[in-house]
Amino acid sequence: MKSTPAKIMRDVLIEEVYKRMFHNENIFFLSADFGSPALDKLRKKFKDRFINVGIAEQNLINLSAGLALEGFTVYAYAIAPFLTMRAYEQLRVNLSLTSQIKDINVNLIGVGAGVSYEVSGPTHHCFEDISIIRTLPNFMVFSPSDWQLAESFVDLSINIKKPKYIRLDGKPLPQIYNNVERFDLENGFCELLKGEKVCIVSTGYMTHKALKIAKEIKKSKIDLGVIDLFRLKPIDETLLFERLKGYESVFTIEEAFIDKGGLDSLVLNILKNKNSRIRLMNFGFKDKYVFDMGSRDYLYRLHGFDEESIIKTIKGFEQSFC
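Everything in the sequence shown is counted per this note's numbering, starting at 493 for the first residue and increasing by one.
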């Protein structure tokens, strides 16, 4: 694993799509009036295959579905909460429902997962997307933790003819993976650190937090495992359980509402379906929106899952079962 360089996942992913568009005339890129430095040259080079629909996410999905039904591969790019929630009926009817009877390849690129737009306030926070998109049949959900993973999804997004939601952080993030080819992306997860009794399951930006927590908690002689779950649907429950069953306790961390169908519910369901006695504790945002302004760490602290609080909880949780 490496800690540098930091890059914005959306720019890396768009750059990779841009390269594919030279050789694949079947690709369209649509934006809901949302830009990025990497998008500028794509927009100029491929004027006939780039469409800005304006601030109109419902139309973004309508147009994307129409192009996909004609056989094109489509990338639909917007701010995550507006892409997933303003256009939810269009996602359900035009993509989820339609794709059950006909192949359509629409790749939703949602930028601004969790509180990565922290100072923009609750309208731009995105806590619900994992839960609500996971409920839609025929959808795939990706949540990469670094730009290497985001880049690697491009080939997969072209080859798999299904609607997909790619959940991206809005900030530059350091590299975690330096050799994506060494494991199968189809598995949907990677055990970044192998622990002894305790494991964190995280996704997206929170995997960076999980790795920092593991490093800190190791000073207390606790070998903490870290599993990065970068595909949230579909899940190979048996394969993931094979990794989890060696642990006594599992902690989930997500930048989303907890106890509402997100990452924690996904892991809990697997443990329940396997009749496992593994203990589970979840960290994330509680059942209310965040109007406070401040850094991500400040917002985590308000909801009791900043690094210090998680470390203290894990230590206490483990000691209570010794």
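Even for Gly, the Cβ is constructed at its ideal location relative to N, Cα and C.
Report, in whole angstroms, the separation of the C-beta atoms of residue i and residue j, which I expect to be a contact under 8 Å.
| i | j | result |
| --- | --- | --- |
| I650 | T565 | 6 Å |
| L589 | Y657 | Their Cβ separation, rounded to whole angstroms, is 15 Å, which puts L589 and Y657 out of contact at 8 Å. |
| S545 | L522 | Looking at the sequence itself, residue 545 is Val, so the reference to Ser does not match. With 8 Å as the limit, V545 and L522 qualify as a contact, their Cβ atoms being about 6 Å apart. |
| F526 | I571 | 6 Å |
| P666 | L587 | The Cβ separation is near 33 Å, so there is no contact. |
| F783 | G613 | 7 Å |
Give me whichever residues DSSP pairs with residue i in a beta bridge.
| i | result |
| --- | --- |
| S694 | D720, I745 |
| R771 | S741 |
| M513 | Looking at the DSSP assignment, M513 forms no beta bridge with any residue, so it has no partner. |
| S523 | N544, Y569 |
| N597 | T565 |
| R659 | G602 |
| V633 | Y657, K725 |
| F777 | F749 |
| P664 | I500 |
| E683 | I719 |
Please report the distance separating the alpha-carbon of residue i from that of residue j.
| i | j | result |
| --- | --- | --- |
| L684 | D720 | 7 Å |
| K511 | R502 | 14 Å |
| N597 | L677 | 19 Å |
| I710 | K804 | It is worth fixing the name first, because residue 710 is Lys in this sequence and not Ile. When rounded, the distance between both Cα atoms is 13 Å. |
| I802 | K752 | 20 Å |
| K653 | S768 | 35 Å |
| S787 | K594 | 44 Å |
| E549 | D661 | 19 Å |
| K494 | N670 | Note on K494: pLDDT 49, under 50, position unreliable in the model; the coordinate value appears next. Spanning the two alpha carbons is a distance of roughly 6 Å. |
| T699 | A498 | 15 Å |
| I547 | L736 | 43 Å |
| F542 | G808 | 53 Å |
| E643 | E620 | 24 Å |
| K778 | D756 | 13 Å |
| M785 | K725 | 32 Å |
| F645 | N679 | 13 Å |
| K707 | N554 | 46 Å |
| R626 | V633 | 7 Å |
| V509 | S635 | 18 Å |
| L575 | S623 | 14 Å |
| Q582 | Y781 | 25 Å |
| L552 | D715 | 46 Å |
| V611 | M773 | 28 Å |
| H617 | L531 | 23 Å |
| F514 | L648 | 18 Å |
| K686 | G754 | 24 Å |
| E507 | Y580 | 27 Å |
| R578 | T615 | 11 Å |
| F631 | S556 | 15 Å |
| N516 | E800 | 48 Å |
| F722 | A524 | 25 Å |
| S591 | L641 | 25 Å |
From the options, pick the residue whose C-alpha is nearest to that of residue i; which is it?
| i | options | result |
| --- | --- | --- |
| P664 | C682, P629, K653, W639 | W639 |
| Y713 | R502, E810, P614 | At residue 713 the sequence reads Lys, which differs from the Tyr that was named. Out of R502, E810, P614, E810 has the C-alpha closest to the C-alpha of K713. |
| T744 | Y567, N597, I806 | I806 |
| E747 | R723, K737, G696 | G696 |
| V452 | L731, E729, G717, I727 | Only positions 493 to 814 of the chain appear in this structure, which leaves residue 452 out of reach. |
| K766 | D798, K653, G786, D728 | D728 |
| I500 | H515, N516, P529 | P529 |
| F775 | M785, F797, G754, S591 | F797 |
| S637 | N630, C682, V585 | C682 |
| K764 | T730, A568, F574 | T730 |
| P629 | V611, H616, V585 | V585 |
| I770 | P666, R723, E507, E734 | E734 |
| R659 | F514, Y567, Q592 | Y567 |
| D540 | L732, Y609, N518 | N518 |
| Y609 | S591, P573, Q592, Y569 | P573 |
Just checking residue i against the ligand SAM - is the residue's beta carbon closer than 7 Å to any of the ligand's heavy atoms?
| i | result |
| --- | --- |
| I750 | The ligand content of the structure shown is nil, which means the ligand SAM is not present either. |
For this session: Answer yes if the stretch 791-801 comes into contact with the stretch 756-767, meaning at least three C-beta pairs across the two stretches below 8 Å, and no otherwise.
Result: Under the three-pair Cβ rule at 8 Å, the stretch 756-767 does not count as touching the stretch 791-801.
Exercise. Should the stretch 684-703 be called in touch with the stretch 516-536, which here means at least 3 C-beta pairs below 8 Å?
Worked result: Not touching, per the Cβ criterion.
For this session: Count the CB pairs spanning the stretch 604-618 and the stretch 554-561 that are closer than 8 Å, and state whether there are at least three.
Result: Counting C-beta pairs closer than 8 Å gives fewer than three between the stretch 604-618 and the stretch 554-561, which falls short of the contact rule.
For this session: Flag this pair as touching only if the stretch 734-741 and the stretch 687-696 have three or more C-beta atom pairs under 8 Å; answer yes or no.
Result: Look at the beta carbons and you see the stretch 734-741 touching the stretch 687-696: at least three pairs across the two are nearer than 8 Å.
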